[in-house]
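Notes follow the structure.
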Amino acid sequence: MKDWVILDQARLNQRREKEIRGVRINVFLSPYDIPQAIRGQYDQQIGQFLIEFKYMEDEPIVRDQKDLALVLRIGKNSGRLFGIEVDVDKLKASHVNLAMYLQNMVSQALHKRLEQLPSGSSTHRNYDLASDIIKERQADLFGELQLAAT
Amino acid sequence: MISQGWRRTNYHTIGVVQWAAGIAAAVMGASLKADAAIWTQRWEFAGQFLKALQGSAWYSLPLLTCLLGIGQVARSSIGHPRIWFAVKQILDIFRDDVFAGQAGQPLHHHRVTLFKHKRFRLAWVRWPWSGWLVAVERSGHTTRTRTVAFRAPDNADLAEGIAGQTWATRFVIAMSGLPDPTSTDNAILTDYANRTFVPVEWVRARHFLARSYCGIPVEVKGRVWGVIVLDSRGQDSIDTEAVRLYTMVGKFLGKLLERA
């Protein structure tokens, strides 16, 4: 099992301005919404690639099947993103540059989910943040998959 | 806010009453199988006692069972004293760390208050069932007797106070540089009330209010359990460090509140 990569929460949680009932206030994301760590691993035995986020508080998870090959792991109560499962075996045959294809697939799935969430909500910000973290760390996350494919 | 002593005494007293009721119910249940005539031949007193037990069992047993249930509800609502003692310690530590720069000033000028969201509040208020954030614990040993609560209804637009807005948005809300709430100028009081999301009458009724606030949502198993509000009489005493410090204490707090 791959190790967790610790994230810099202070850097991720920047002050933002928000207007509530005509009052401009400073807001930060709740510490519960900011991932503390991330890891990506490819399990060759079951042909599954998994990106996981670790938060301050655990909760039961529900699986949201986005398409045949991709499942989002979502917090049952908070709705925040806990993980992304991709069934690599289903994609291997039809895609040569698997890592690149997977990056796009994950990015699109998160984008779609973001569109469904109310803009400016804390859950929306959580997905936004998760999406940014994946983009920032894509070399680490998808690197193993690249090697496995070659 | 419930004092530690009151909580400990009542929690344990109710526990003793529950044990007594449980034992009495068990004895009473067992007595129904006993033959009173045989016992009367051996010891007359025991026989009479057995008859009395058997005669009253039809109402005593249901009453004792109800007493056990009510006791359990009461103990749950009071909360385990050790858990709440630990919660208080965490709030004190959090206060000391966040307001480390305000050393030497009175404790109640810089406080940390834990609010729990309750659907119903037993109080003489207009909307007791609308949803409230009720202060359940606070750092320090002073300013604990007054009941503090803010409306936090399902219609989140009506949420009051920094606590209510934190609960409604699930964001950390920081508000500093507030005007002087001790002023007699109506415009200043109205500005203070608007910026802290409370009615101006509420501000007028209180003479010593904070000049900066920070609300942090408190979650248990992914659900918003309540909020923590830091308040300070200093205009700029709460910085972003509070959020980082909360990540350290919040995990322990969540685990304790799961059992509270």
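Those sequence lines, one after another, are chains A and B.
For the first sequence, the residue numbers in the working numbering are 97 to 246.
For the second sequence, the residue numbers in the working numbering are -14 to 245.
Backbone N, C-alpha and C define an ideal beta-carbon position, used for all residues, glycine too.
In this text the structure is predicted, and so the values were computed from the model without any measurement.
Exercise. Is the CB of residue 116 (chain A) under 9 Å away from at least one CB in chain B?
Worked result: yes
Exercise. Cβ of residue 146 (chain B) within 9 Å of Cβ of residue 135 (chain B)?
Worked result: Going by C-beta atoms, residue 146 (chain B) is nearer than 9 Å to residue 135 (chain B).
Problem set entry | Run of the beta strand (DSSP E) containing residue 135 (chain B), from where it starts to where it stops | 134 to 136
For this session: Taking only beta carbons into account, state which residues of the region 223 to 238 of chain B come closer than 8 Å to chain A, listed in chain order.
Result: 225, 228, 229, 231, 232, 235 and 236
Exercise. Looking at the structure shown, is residue 192 (chain B) part of a helix, part of a strand, or coil, going by DSSP?
Worked result: coil
Exercise. What residues are listed by DSSP as bridge partners for residue 117 (chain B)?
Worked result: DSSP, once it has assigned bridges, lists B:103 and B:136 as partnering residue 117 (chain B).
For this session: With 9 Å as the C-beta to C-beta threshold (strictly closer), list the residues of the region 157 to 183 of chain A near chain B in chain order.
Result: From the region 157 to 183 of chain A, only 171, 172, 173, 174, 175 and 176 have a Cβ closer than 9 Å to chain B.
Exercise. Since residue 188 (chain B) meets chain A, which of its residues come closer than 7 Å, beta carbon to beta carbon?
Worked result: Within 7 Å Cβ-Cβ: nothing; residue 188 (chain B) doesn't reach chain A, min ~15 Å.
For this session: Report the residues of the region 167 to 189 of chain B with a CB closer than 7 Å to any CB of chain A, ordered along the chain.
Result: Interface annotation for the region 167 to 189 of chain B against chain A: 179, 180 and 182, criterion Cβ-Cβ distance under 7 Å.
Exercise. Can you name the start and end residues of the beta strand (DSSP E) that residue 142 (chain A) belongs to?
Worked result: Neither: residue 142 (chain A) is in no beta strand (DSSP E) and is coded neither H nor E.
Exercise. Chain A beta carbons: is any one of them nearer than 9 Å to that of residue 191 (chain B)?
Worked result: no
Exercise. Who pairs with residue 197 (chain B) in a beta bridge, going by DSSP?
Worked result: In DSSP, residue 197 (chain B) forms a bridge with B:217.
For this session: Report the option in B:47, B:117, B:22 and B:236 whose CA atom is closest to the CA atom of residue 205 (chain B).
Result: B:236
Exercise. DSSP three-state call for residue 122 (chain A): helix, strand or coil?
Worked result: Three-state result, residue 122 (chain A): strand.
Exercise. If you count every other CB in all the chains shown that lies within 10 Å of the CB of residue -2 (chain B), and 16 or more means buried, which is it?
Worked result: exposed
For this session: Could you check what DSSP says for residue 228 (chain B) in three-state terms: helix, strand or coil?
Result: If DSSP states are grouped into helix, strand and coil, residue 228 (chain B) belongs with the helices.
Exercise. Are the beta-carbon atoms belonging to residue 6 (chain B) and residue 56 (chain B) less than 9 Å from one another?
Worked result: Yes; because the gap between Cβ atoms is below 9 Å, this pair is in contact.
For this session: Using 10 angstroms around the beta-carbon of residue 11 (chain B), count the other beta-carbons present and answer buried if the total reaches 16, otherwise exposed.
Result: exposed
Problem set entry | Nearest-angstrom Cα separation, counted from residue 168 (chain B) out to residue 181 (chain B) | 16 Å
Exercise. So, helix, strand or coil for residue 95 (chain B), using DSSP?
Worked result: For residue 95 (chain B), the secondary structure class from DSSP, reduced to helix, strand or coil, is strand.
Problem set entry | The beta strand (DSSP E) enclosing residue 183 (chain A), as first and last residue numbers | 177 to 183
Problem set entry | Chain-order list of residues whose beta-carbon lies under 6 Å from that of residue 233 (chain A) (same chain, five-residue window excluded) | none
For this session: Give the residues of chain B in contact with residue 149 (chain A), contact being defined as C-beta atoms less than 9 Å apart.
Result: Ordered by position in chain B, no residue passes the 9 Å Cβ test against residue 149 (chain A), which lies about 13 Å from the chain.
Exercise. Candidates B:152, B:183, B:186 and B:196: which alpha carbon is nearest residue 220 (chain B)'s?
Worked result: B:196
Exercise. Residue 106 (chain A) versus chain B: which residues are under 7 Å apart at the beta carbon?
Worked result: Within chain B, the residues near residue 106 (chain A) are 229.
For this session: For chain B, find out if any of its Cβ atoms is closer than 9 Å to the Cβ of residue 125 (chain A); answer yes or no.
Result: yes
For this session: State whether the region 180 to 194 of chain B contacts the region 150 to 159 of chain A, with contact taken as three or more CB pairs (one from each stretch) at a distance under 8 Å.
Result: Cβ pair count under 8 Å is below three, so no.
Exercise. What are the complete alpha helix (DSSP H) segments, minimum 4 residues, inside the region 12 to 51 of chain B?
Worked result: 21 to 27
Problem set entry | chain A residues whose Cβ lies nearer than 8 Å to that of residue 138 (chain B) | Within 8 Å Cβ-Cβ: nothing; residue 138 (chain B) doesn't reach chain A, min ~14 Å.
Exercise. Which runs of the beta strand (DSSP E) fall wholly inside the region 151 to 184 of chain B and span at least 3 residues, in chain order?
Worked result: 156 to 160
Exercise. Is the region 101 to 119 of chain B in contact with the region 207 to 227 of chain B, if contact means three or more CB pairs nearer than 8 Å?
Worked result: yes
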